[in-house]
Amino acid sequence: NLTLSPRKSTFFKTETNYLGFNISHKIIKPISTNIAKITKFQTPKSASQLKSFLGVCGFYRHLIYNYADITDILFKLSTTKSKFKWTSSHQEAFEKLQNIFFSEPFVHLPNWDKPFLLNTDASKQAISGVLLQEFDGQLHPISYYSRALSPSERNYPAIKRELYAIYKSVVAFKDYLYNRMFKILTDSKPLLHYRKVTSPADIVTRWLLELSEYSFDVEFIAGKRNVLADYFSRREDPNHRITALNINNQNDLILPFVDSNVQIENVNTIQNEDPNNEISNDTFYREQQKDDFLKEIIDLLESPSLINANKTRNFSIDPETKLLIYVSNKKDLCHLIVIPKCLQGKILKIAHTSHFGLKKTYEIISNRYFWKNMYRDTKNFILSCDTCIRNKIYNIPKAPLQNVPIPKAPGEFISLDIVGPIKDCGYALTILDHFSKFLSLYPLRNLTTETVSQHLIEYISVHGRPAMVLTDLGTQFNSEVFHCVNKTLGICLNHTSSKNPKANGASEALNKSIKSSLVTLHEAGVSFRNSLLIHQNMYNGAIHPSTDFSPSFLHFGRCVPLYFDTYNPEVEPRQLQNASFIQNFISDLRIAYEKAYGNLKQQQTFQNERQIQKAKLRIFNINDIVYLKSNDTFKPKFLGPYVIIDKLSDVNFKIRLLDNVSNEGFVVHCDRLRGSVQRLTHLELNYSSNAPHSVSNPHHSYNLRSR
């Protein structure tokens, strides 16, 4: 029942204008009248004018590469409540966006019989993605996606932002990609193993779960500035230097499509656009002449009458290059260039580009160059390499156990901890007496410090006020309210160091058995609260291996019946009027305390002797530079650098970020610290201000001389 009006219909046309777009049989682009409005738009004088401009441009955002990143600074100005202030940065972004429209941005219509490629990128301000297909031997954009990051998202580490860009781009292009095989191109190598991530954060788990609905391969393409430019340009010409993509020109996104199976020769050859980026013979010669020690040897060799055999032994001058050479009989290449002091750091930087270990790096250098104390300098350079320290695996030696004071009676020393979440149950507060090992369990309706403090007061109302309380650094225990409660009650509150559960080992050891017991009882149909009571009763009524007494006996002076003890045997009436009975009871209880204390001491000694064989106490001092072990999968293995600002004990230190002087710092255990060495002064890259080329410039690269 389709009816057409001849007056309103046109036939055999290759393109048409529809809803602000010019649509042809190949591409989609903005209509010319709208392009003219955008390119002729006057510089905004107010936030409302800027919003109007962004509104028109935003209608075509799926035609523009990295739109969110380009317009980020303009959107901030349009939404701010402060005075409208137009700066040169805003003008630059404004003109950049106008230039993009001046070049008529477009995308190709998709061919559903051809595979899609998805390239994503992430910056600190925004994420973006471009969907591509191959037409006539070239890659063309099908659609663009970009989105500004929220303030919290901008705090994500780089690898997490890259994964977020993939997730949001795939979801944005769902209509194109769902139920189809496609390929994702990324310059982030860790993302190749995203499926192997163990125990990811909850939000990352949700991303991975949604991505699992799609069929795709992730391919790593080296290239820091532009993945696509690198991916295709190096297949077209393996000796061609990779250049950055200019996104101002839409045609730059049309790239030659080459089969990924093409064999590439000289893949390990590093080519430079500028030959001066090498440390040339001229540079070696010039710096040798400037070095006082080497200049003295050169002068002696050039004047035969002044030759000193001791100073010039094994040295010679190459007749062709005029370089000072060291003649070695221990190396495959016997003629080694003598490196002046100002170039030693640069040589080490180049040789350590792949971040090999000490042995490989030293072999690379010693087979080509010579200088005094080369091995010492190589070792120092590698041990002080920030990249190696952050990312390489390092097994931190465990420090010896620090003995917790053993109380001599119940009620002197207790520890608090929160166990959970327990499957289908929630959380529970555990309070453990360190002498009697008496355990108290409280179900938590929430994890606020007020709830935890209330249960502590309930415990004290029954068992009395302890002299000391030990907790971890959970927000419930480290709050001002919890500190105030303990101070008011006259309790000495102590905290373990950050992420160091073994410091409260007695409580932590109970958590596994508590979880297992509660899950088992819950599956049997017992309520969470009753499960806690049953476990508490059974635990306190059993003989504890550390004391050889039951916790209830040491805590109350009697054995408490278990919940299933229904038989009540006849007990001879106690002769309370007999004074000797009370004396004997007190004497027996004192003997039990002394025996329990001795057993606890013996158990502590046994644990120390068993652990001391593997333990190693590392010495750290105030002002030492250290790195902190990271437990985050999407961060480097070590974070920092940090500086030690206080030494609280042999194993506990207060640290802060090296470049954040105003920070108060925090306490950590030495088992989470990795030491660093101070780089020797002459190995710093800026050691010589007269050096003609600096490797600290990211646009420069250097080549080792071939053997």
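Each step along the sequence shown adds one to the number in the UniProt record's numbering, with nothing skipped, and position 306 is 306. All C-beta atoms in this analysis are idealised placements derived from N, C-alpha and C, irrespective of residue type, glycine included. Please read all numbers here as calculations on a predicted model, not as lab measurements.
Residues bridged to residue i [DSSP beta-bridge criterion]
i: C492; result: M468
i: F666; result: I655
i: M181; result: S215
i: G426; result: I422
i: S128; result: D121, S146
i: P30; result: F21
i: V338; result: F370
i: L432; result: S415, L439
Length of the line joining the Cα atoms of residue i and residue j
i: T378; j: K290; result: 23 Å
i: F477; j: T449; result: 7 Å
i: P157; j: F75; result: 24 Å
i: L228; j: E162; result: Note that L228 scores a pLDDT of 48, beneath 50, so its modelled location is shaky; the value from the coordinates is reported in the next line. Taking the straight line joining both Cα atoms gives about 15 Å.
i: S662; j: E684; result: 27 Å
i: S440; j: K595; result: 23 Å
i: P275; j: T283; result: Its pLDDT being 38, under 50, P275 is placed unreliably in this model, and the value from its coordinates should be taken loosely. Computed Cα separation, rounded: 12 Å.
i: N621; j: V677; result: 13 Å
i: Y427; j: D472; result: 16 Å
i: N25; j: E15; result: Sequence inspection shows His at residue 25; the Asn mentioned does not correspond to that position. Cα to Cα, the separation comes out at about 7 Å.
i: W371; j: F381; result: 15 Å
i: S580; j: I586; result: 10 Å
i: R154; j: F182; result: 28 Å
i: P105; j: I27; result: 10 Å
i: L4; j: R206; result: 48 Å
i: R705; j: T353; result: Confidence in R705 is poor, its pLDDT being 44 and thus under 50, which makes the residue's placement too unreliable to answer from.
i: T10; j: N17; result: 12 Å
Beta-carbon proximity check, residue i vs residue j, cutoff 8 Å
i: S89; j: I73; result: yes
i: P141; j: V130; result: yes
i: L416; j: V469; result: yes
i: N119; j: L185; result: yes
i: Y285; j: K322; result: yes
i: S550; j: G541; result: yes
i: I406; j: Y539; result: no
i: A165; j: S128; result: yes
i: S436; j: L358; result: no
i: K515; j: I422; result: yes
i: L301; j: T312; result: yes
i: R61; j: S146; result: yes
i: H455; j: Y442; result: yes
i: E296; j: L343; result: no
i: N499; j: N660; result: Before going on, a small fix: residue 499 reads as Lys here, not Asn. Contact flag unset, no.
Status (buried if at least 16 other CB within 10 Å, exposed otherwise) for residue i
i: Q133; result: buried
i: Y627; result: buried
i: L600; result: buried
i: Y375; result: exposed
i: C670; result: buried
i: V651; result: buried
i: D565; result: exposed
i: I53; result: The question names Ile, yet the displayed sequence has Phe at residue 53. Buried, since its Cβ has 16 or more Cβ neighbours within 10 Å.
i: D113; result: exposed
i: V327; result: exposed
i: N66; result: buried
i: residue 711; result: This structure cannot settle anything about residue 711, because the visible part of the chain is limited to 1 through 707.
Closer than 7 Å: residue i CB and nearest the ligand HEM heavy atom
i: L447; result: Inclusion of the ligand HEM in the displayed structure is not the case, the ligand content being empty and no account of it being possible.
Boundaries (first-last residue) of the alpha helix (DSSP H) holding residue i
i: R161; result: 158 to 172
i: N367; result: Unbroken run through N367: none, as it is neither H nor E.
i: Y539; result: 528 to 541
i: A68; result: 67 to 79
i: G411; result: Neither: G411 is in no alpha helix (DSSP H) and is coded neither H nor E.
i: D377; result: 374 to 383
i: S552; result: 551 to 556
i: L50; result: 47 to 58
i: L456; result: 449 to 463
i: F43; result: The sequence shown places Thr at residue 43, rather than the Phe named in the question. Where T43 is concerned, there is no enclosing alpha helix (DSSP H), given that its DSSP letter is neither H nor E.
i: C388; result: 386 to 391
Residue i, enclosing beta strand (DSSP E) - first and last residue
i: E302; result: No beta strand (DSSP E) holds E302; the alpha helix (DSSP H) holding it covers 292 to 302.
i: S316; result: 315 to 317
i: I325; result: 324 to 327
i: V404; result: Premise fails: V404 is in no beta strand (DSSP E) and is neither H nor E.
i: D646; result: 638 to 647
i: I625; result: 625 to 629
i: R674; result: 673 to 675
i: S152; result: No beta strand (DSSP E) contains S152, which DSSP labels as neither H nor E.
i: P443; result: 439 to 444
Closer than 8 Å to chain B by CB, residue i
i: P405; result: Looking at the structure shown, chain B is missing, and only one protein chain is on hand.
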